[in-house]
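In the numbering used here, the protein residues as written are 32 to 428. A short worksheet on the structure shown next.
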C-alpha cells in the first residue's frame, strides 16, 4: 500500500485541496513550486545550515535508562524538546520561511494552539526581518501565557480568535480568512500536516529530519536502524509525521499515534478523532473529523492546547484507516501522571502534548527488551501552570 501523497494531494481517500476560489492562486502557486524549491541545492544548503547552527540539530536520541527499567524495555527518547524554541515546530518554520522568501512573500501569518508553532514562526520572522501575525484562540492565549509573551517579545502581533471554542480550530479559521483577504503578499505558515495540499506533504517533508536522524542514531546505538515501535502524539500530527516519515514502508516497525481523550473518549469532552471521527472536510482537506450527523463540527477538548483539534492530518487518517498505525487515546489525568513520572525518573519535564505519548506506554503490551522510540516533541515550560495546579491537587488530596 502507498503511504505517501499522490500527485493530486491524496493519501488514499484523504487529503486534497478544497479551498475557496480566492485561494486557488496561492495554493496552486505552492503546489507547483514547493518540490522544486525544497529539492533545490541552494535551499537544501541553507536549510541544513540553519538546522545545524540555529536550531541545534541533530537532536539527541537518548536511551532513558530508568524509564526503560520501568517497562523492562529499551526506550529511546528523540529529544525534539532540545530544539531552539523548545519543540519540533521550528524544523517546519525554518523551511517554510525559506520557501516564502523564494516566492517573494513579505508578510507571514500563522495559527497556533499550544503556542509552540506561534513562537517558532515569530522566531524565524525575526530572523529574516518579516512581518508576523499569529492567530490564537482566546482560551489558548490565557492557558499558554508564557508563549504569548515570547511571541510578543519576538515582535509578532498575536490576534485572538473569539469564535467557536476559541481554540486551535478557530485560530486556523481566522488565519485562512486573513489569507483570503491578502492573497498576493502573504504566506501562511501552517504548523501541522493539515490544510489543503501541498501543506500536509510539505510540512511532513520538513519534519522528516526527525526520522532521518533517528535511523542513523539508532544504528550507532543498537546496530539497527529499525525500532520495533515508534510512539508520537497526534493533534494535527506534524511531530508524528516527522517521526514516522522514513519508516512508513518498514512494515516491521509499528507506528503508534497517540491522541487526546480529554475527560474520556465518550465523555463529550474529548479530541479522540480516530474513535469519534468520520470522513469530512476541514481547513481544506478531507480527513477524519469530529462532526455531527449534519456535518457540523463537534467542539474538541483536551487539557493540551496542541491536541485540542477536531481532526487529524490526512496522512494520519490514512495510516490509521489502513491499519498501518495504531491509535491510542489518553485522558488528561493519564497525561498529567505521565508528565510527573518522566520528570521524576528522568529529570525531563515534557510538554503536555508529549506527555500523552508517554502515557501510551501503559496501554501498550510491551515485550521484554523491546526497542521503542518515543518522540519527545516539546518541553514543558509552557505547561507549568497546568502542572502546578495538578501538583497542588495531589497535595490537597
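Think of the CB as a built atom: it goes at the ideal place given N, C-alpha and C, for glycine as much as any other residue.
Taking just the CA atoms, how far does residue 327 sit from residue 238? Locating residue 238 in the chain shown gives position 207, where the first residue counts as 1. Locating residue 327 in the chain shown gives position 296, where the first residue counts as 1. The straight-line gap from Cα to Cα measures roughly 31 Å.
Considering Cα atoms alone, identify which of 49, 234, 330 and 380 is closest to residue 126. As a position in the chain shown, residue 126 is number 95, starting the count at 1. The shortest Cα separation from residue 126 among 49, 234, 330 and 380 belongs to 234.
Taking 8 Å as the cut-off, decide whether the C-beta atoms of residue 413 and residue 146 are in contact. Along the chain shown, read from residue 1 onward, the residue named residue 413 stands at position 382. Along the chain shown, read from residue 1 onward, the residue named residue 146 stands at position 115. Contact flag set, yes.
Span separating the alpha-carbon of residue 177 from that of residue 149: As a first step, residue 177 must be located in the chain shown, where it is residue number 146. As a first step, residue 149 must be located in the chain shown, where it is residue number 118. Whole-angstrom Cα-Cα distance: 12 Å.
Beta carbon of residue 391, beta carbon of residue 339: below 8 Å? Residue mapping note: residue 391 aligns to position 360 of the chain shown, counting from 1. Residue mapping note: residue 339 aligns to position 308 of the chain shown, counting from 1. Contact flag unset, no.
Quick check: what's the CA-CA separation for residue 187 versus residue 425? The residue given as residue 187 occupies position 156 in the chain shown. The residue given as residue 425 occupies position 394 in the chain shown. Going by the C-alpha atoms only, they are around 37 Å apart.
Opposing strand residues paired with residue 402 [DSSP bridges]: In the chain shown, the residue the question calls residue 402 occupies position 371. In DSSP, residue 402 forms a bridge with 105.
Own chain residues within Cβ distance below 7 Å of residue 295, not counting five before or after: Here residue 295 corresponds to residue number 264 of the chain shown, with the count starting at 1. Counting only Cβ-Cβ distances below 7 Å, and skipping sequence neighbours, we find 301 and 362.
What are the start and end residues of the alpha helix (DSSP H) that includes residue 177? To locate residue 177, count along the chain shown from 1; it is residue 146. Start and end: 176-184.
My guess is that residue 287 and residue 356 are in contact by the Cβ rule of under 8 Å, so how many angstroms apart are they, rounded? Walking along the chain shown from the start, residue 287 turns up at place 256. Walking along the chain shown from the start, residue 356 turns up at place 325. Right, their Cβ atoms sit about 7 Å apart.
Span of the beta strand (DSSP E) holding residue 220? The count along the chain shown starts at 1 and reaches residue 220 at position 189. Unbroken beta strand (DSSP E) run through residue 220: 217-220.
Residue closest to residue 87, alpha-carbon to alpha-carbon, out of 76, 113 and 70: Position 56 of the chain shown holds residue 87. Ranking the options by Cα distance to residue 87, first place goes to 113.
Going by alpha carbons, who is nearest to residue 201 out of 218, 284, 383 and 329? Translated into positions along the chain shown, residue 201 becomes position 170. Selected option, being the one with the closest Cα: 329.
Pick from 248, 80 and 69: whose alpha carbon is nearest that of residue 92? Along the chain shown, one-based indexing puts residue 92 at 61. Taking only the C-alpha atoms, the option nearest residue 92 is 248.
Once you ignore the five residues that flank residue 128 on each side, which residues in its own chain have a CB closer than 6 Å to its CB? As a first step, residue 128 is located in the chain shown; it is residue number 97 there, counting from the start. Here the set comprises 155 and 159.
What are the boundary residues of the beta strand (DSSP E) that residue 114 is part of? For the purposes of this step, residue 114 is taken as the residue at position 83 of the chain shown. Run containing residue 114: none; DSSP gives neither H nor E here.
Residue 196 versus residue 98 - alpha carbon distance: For the purposes of this step, residue 196 is taken as residue 165 along the chain shown, with counting starting at 1. For the purposes of this step, residue 98 is taken as residue 67 along the chain shown, with counting starting at 1. The alpha-carbon atoms of residue 196 and residue 98 are separated by roughly 37 Å.
Cβ distance (whole Å) where residue 334 is taken to contact residue 366 below 8 Å: Taking the chain shown and counting its residues from 1, one reaches residue 334 at position 303. Taking the chain shown and counting its residues from 1, one reaches residue 366 at position 335. Contact check for residue 334 and residue 366: beta-carbon distance about 7 Å, within the 8 Å limit, so the pair qualifies.
Per DSSP, residue 322 forms a beta bridge with which residues? Here residue 322 is taken as the residue at index 291 of the chain shown, counted from 1. Partner(s): 328.
Provide the residue span of the alpha helix (DSSP H) that contains residue 234, from first to last. Here residue 234 refers to the residue found at position 203 when the chain shown is read from its first residue. Note, residue 234: alpha helix (DSSP H), 230-238.
Closer than 8 Å is the cut-off here; do at least three beta carbon pairs connect the region 338-353 with the region 40-51? yes
Quick check on DSSP: helix, strand or coil for residue 288? As a first step, residue 288 is located in the chain shown; it is residue number 257 there, counting from the start. The answer is strand: DSSP assigns residue 288 an E or B state.
Assigned secondary structure, residue 155 (DSSP; H/G/I helix, E/B strand, else coil): As a working mapping, residue 155 is identified with position 124 in the chain shown. Three-state DSSP puts residue 155 in a helix.
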